[in-house]
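4 protein chains.
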Amino acid sequence: MANKPAPDASRRSERSRRAIFDAALALVGEVGYDKLTIEGIAARAGVGKQTIYRWWPSKAAVLLDAFGSVVEEYDQVGLPDTGDLAADLKTVLRATADEFNDAAWQAPYRALAAAGANDEELSRTFVGRLMEPGTRVYVDRLRAAQEAGELDPDIDLRIGAEMLLSPFSQRWLMRTGELTHAFVDTLVDQVLRGLRPRD
Amino acid sequence: MANKPAPDASRRSERSRRAIFDAALALVGEVGYDKLTIEGIAARAGVGKQTIYRWWPSKAAVLLDAFGSVVEEYDQVGLPDTGDLAADLKTVLRATADEFNDAAWQAPYRALAAAGANDEELSRTFVGRLMEPGTRVYVDRLRAAQEAGELDPDIDLRIGAEMLLSPFSQRWLMRTGELTHAFVDTLVDQVLRGLRPRD
Amino acid sequence: MANKPAPDASRRSERSRRAIFDAALALVGEVGYDKLTIEGIAARAGVGKQTIYRWWPSKAAVLLDAFGSVVEEYDQVGLPDTGDLAADLKTVLRATADEFNDAAWQAPYRALAAAGANDEELSRTFVGRLMEPGTRVYVDRLRAAQEAGELDPDIDLRIGAEMLLSPFSQRWLMRTGELTHAFVDTLVDQVLRGLRPRD
Amino acid sequence: MANKPAPDASRRSERSRRAIFDAALALVGEVGYDKLTIEGIAARAGVGKQTIYRWWPSKAAVLLDAFGSVVEEYDQVGLPDTGDLAADLKTVLRATADEFNDAAWQAPYRALAAAGANDEELSRTFVGRLMEPGTRVYVDRLRAAQEAGELDPDIDLRIGAEMLLSPFSQRWLMRTGELTHAFVDTLVDQVLRGLRPRD
DNA sequence: TAATAACCGAGACGGTACGTCGTGTCTTTAA
DNA sequence: TTAAAGACACGACGTACCGTCTCGGTTATTA
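Protein chains in written order, with numbering that gives the first Met the number 0: chain A, 0 to 198; chain B, 0 to 198; chain C, 0 to 198; chain D, 0 to 198.
See the structure below:
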């Protein structure tokens, strides 16, 4: 069954791993995902191609690990809870909008989202590792609001979070609209109107 | 400046054009977008490579045309308007969910969405030609409801439509969840609660 | 059966063919056969690797063709026949010895002889194309002498030629001795003693 | 100057040495010299690569040692001397022909002869260790005959031996002809005619 | 009605990258 | 302390496609 000899992870060169991540992120920003090549990453990292192939199955997997290792440092301790749900959401989503408009994030994120669309295996990892944790903090914040009686107890919070986040992501990914602060504010307002308790 | 000789479209072989579309759609379903090649399309279509390069700049463009020519046949008679907005939306979105779960649609649609993420030019065309018209019929239906007093007059209808469609597309594209009828129903309900007139 | 698509020889680029020959011969002289690579030949010739793989199965085959195309220009109109067999043989073998001591010939010839030892298919071509014609002119000259009564009519002329040529080639190929004029003279004398008519 | 750490030969593992020889000989027979690799030998021998690199500079050197250790067991008890030189030579050469037609000998012998053609250093060792001793016994036997008055006293015995052995080796190495008993007999007769005393 | 363009199928070409294999060096683990 | 195991940087392998470029051979106007 195990048709790959399974390399010995304990002997792995941390130096090379880091250099590969740096090279991959730098290159995807410089030349774009389509022109990102394993050969190019190896050359930039000063590493043999085999060292990449030994540990990752594809350039998408390399990029996912590289980007993941960066993103996870940033990763959220949760959303603020000032008691004003709408304000809290607007604050965070405005900041996120700014972040998504930053070129350094665009290339790898877009690349991974795109690669995931055509590769189910990859998309499971991408979603599980990078998107799901982000979504969860929104669900958690909504739950806190629900428990505080600010949201209707019958609401599906997961879908509520998606109503907030998906229009946001979609606009960015497909370039169907700008991620302005005005957009964020209107979105939060219209979504929350649907989630609040009925009179 | 005119660095492309601009082929004479009137002499174009309709036979070849069709064969290329058929080949592209068949192949993207069989081998996936990443392994779809111009050479492969040409061979399958019984066509010289140059015939493809003469008329399209990339495999994405070929696929977009091919898929577009299929999709546009199906397209837009508008949404039903029975007077019951929620029911109308559920009906159509349930049908769309079934369609998106159909394997024949998946490959080319995913491929184009993905290709668009990394290619701004392509994504403009993709969105403008295939996604925007679909969104517009929802906006139109919402506007009709708004004019009938079923929706709050201050609502941003474009964002309203996105609240409905983006969670739907996102789940499918990123495989973050199933497109079930139950999901569709809950989504419609929670969205419409936010759009209806305040008491 | 024919599992190779068989390239269309009529469209072949003569320019590339020549450039490949030149590059192969130059490189084998510069770096030796073991470090001769298809990639190196392609680069030096300004040619794609595939252009080499399309027409030849191995670097040995390329070199054989390249060397063959050079050698065949030189190729013998036959041995001199002054009536004095021993003198004729000495003249020609001395010249050949000088030629074999020339560095330009050494590399490709040695390389092909060596490659042939491990590759039966190749050695058949090498022998048939480059060695056999050379041997034949000796057999022909011996036959003329035999018909003139200078050699015993019962002699096996092919073996006679081998007695002359093999010690010569062997010394050179295996470096078991120098190819001096003195060696040539003694060899011719001792061989001819064995071939002349018995009293 | 001493740029190699010079491993301590006294601590050397005899077990590994043998295993490496066995593996090298087995593999050269199975896959041929070109596909013989150090890695392959190490794996087959159950030995680390470094153990090979520590003691030999190349795969040719390993094979030479391996083959040498086998050949030297067989070696040289000298040629028979029944008083009938022609008969003695025919006997031995016929036996040698049979031996050369044996597949087990072919691969390593051919491989080494070929490798030697392109590697002067190696060829000196190959010739000195494996070929020269074989030639010498012929020279010795011819000298005995010369001293017994069966051969002309002015004959160059080394060249005489080459007239006998080179056509033989050459036929085999370059596959220019079969090593039949008939060939051996004719060769011996024609050579000896040239070496015998003149009337 | 011939000539003269174009598109067309075909596929060779110079290239780039693929993913694999072997080289020779170096380090880690276990006897 | 030595040897197995094997990760590493490197370089070449032989293959697949890229996009460009002829090559005949149909069409399908234009002279």
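The beta-carbon is built from N, C-alpha and C at its ideal position, and this holds for glycine as well. Fair warning: this is a prediction, and the values are worked out from it, not measured in the lab.
Closer than 9 Å at the C-beta level to chain D, one finds no residue of the segment 37-62 of chain C. Contacts between B/Val190 and chain A, judged by CB atoms closer than 7 Å, involve Met162, Gly193 in chain order. With fewer than 16 other CB atoms across the displayed protein chains lying within 10 angstroms of its CB, C/Tyr52 is exposed.
In the DSSP assignment, C/Val46 falls outside any alpha helix (DSSP H) and carries neither an H nor an E.
Below the 7 Å Cβ cutoff, chain A contributes Ala116 as neighbours of B/Leu172, in chain order. In the assembly as shown, C/Gln189 is a buried residue. Its beta-carbon has 16 or more other beta-carbons within 10 Å.
For the segment 148-161 of chain B, the set of positions with a beta-carbon nearer than 7 Å to some beta-carbon of chain A reads Ile154, Asp155, Ile158, Gly159, Glu161 in chain order.
Judged by their CB atoms, C/Asp151 and C/Arg192 are not nearer to each other than the 8 Å cut-off.
B/Leu78 places its beta carbon 8 Å or farther from that of B/Val126.
The continuous alpha helix (DSSP H) containing D/Ile19 extends over residues 13-30.
Residues of chain C whose Cβ lies closer than 7 Å to the Cβ of D/Leu186 are, in chain order, Ile158. In this structure the segment 98-116 of chain D touches the segment 55-67 of chain D; the number of beta carbon pairs closer than 8 Å is three or more.
The DSSP-derived three-state label of D/Asn100 is coil.
A Cβ-Cβ distance of about 6 Å is found for the pair A/Asp87 and A/Asp80, placing them in contact under the 8 Å criterion. Using a CB distance cut-off of 8 Å, B/Gln169 counts as an interface residue toward chain A. Taking C-beta atoms under 8 Å as the contact rule, A/Ile40 and A/Val61 qualify, at a distance of about 7 Å. Around the beta carbon of A/Pro166, a 10 Å sphere encloses 16 or more other beta carbons of the protein chains shown; the residue is thus reported as buried. In the three-state scheme derived from DSSP, where H, G and I count as helix and E and B as strand, B/Ile158 is classed as helix. Contact annotation for A/Ser165 against chain B: Ser165, Pro166, Gln169 [CB-CB distance below 7 Å, chain order].
Annotation for B/Pro132: the continuous alpha helix (DSSP H) segment containing it runs 131-146. Cβ-Cβ distances below 7 Å link B/Leu156 to Val138, Leu141, Arg142, Gln145 in the same chain, with the five nearest sequence neighbours on each side left out; the list follows chain order. In the three-state DSSP reduction, A/Pro166 falls in the helix class (H, G or I).
A contact is defined here as three or more CB-CB pairs under 8 Å, and the segment 171-182 of chain D fails this definition with respect to the segment 174-183 of chain C. Shown here for D/Gly47: same chain residues with a beta carbon closer than 8 Å to its own, the five before and five after excluded, namely Ala41 in chain order. Cβ-Cβ distances below 8 Å link B/Leu186 to Leu92, Leu163, Pro166, Phe167 in the same chain, with the five nearest sequence neighbours on each side left out; the list follows chain order.
In the assembly as shown, D/Asn100 is an exposed residue. Its beta-carbon has fewer than 16 other beta-carbons within 10 Å. Cβ neighbours of A/His180 within its own chain (closer than 6 Å, five residues either side excluded): Arg93.
For A/Ala23, the closest Cβ of chain B is not nearer than 8 Å. A/Ala103 and C/Ala113 have their C-alpha atoms roughly 57 Å apart. In this structure, the CA atom of A/Arg128 is about 39 Å from the CA atom of B/Glu72. The C-beta separation of A/Gly159 from A/Leu194 comes to about 5 Å, placing the pair in contact by the 8 Å criterion. The beta carbon of C/Ala59 lies closer than 6 Å to those of Ala114, Leu121 in the same chain, with the five residues before and after it left out.
If you look at C/Asp184, you'll find it in the alpha helix (DSSP H) that goes 180-194.
The C-beta of B/Glu119 comes closer than 8 Å to at least one C-beta of chain A. DSSP, reduced to helix, strand and coil, places B/Pro107 within a helical segment of the structure shown. Flagged as an interface residue toward chain A: B/Gly31, by a C-beta distance shorter than 8 Å.
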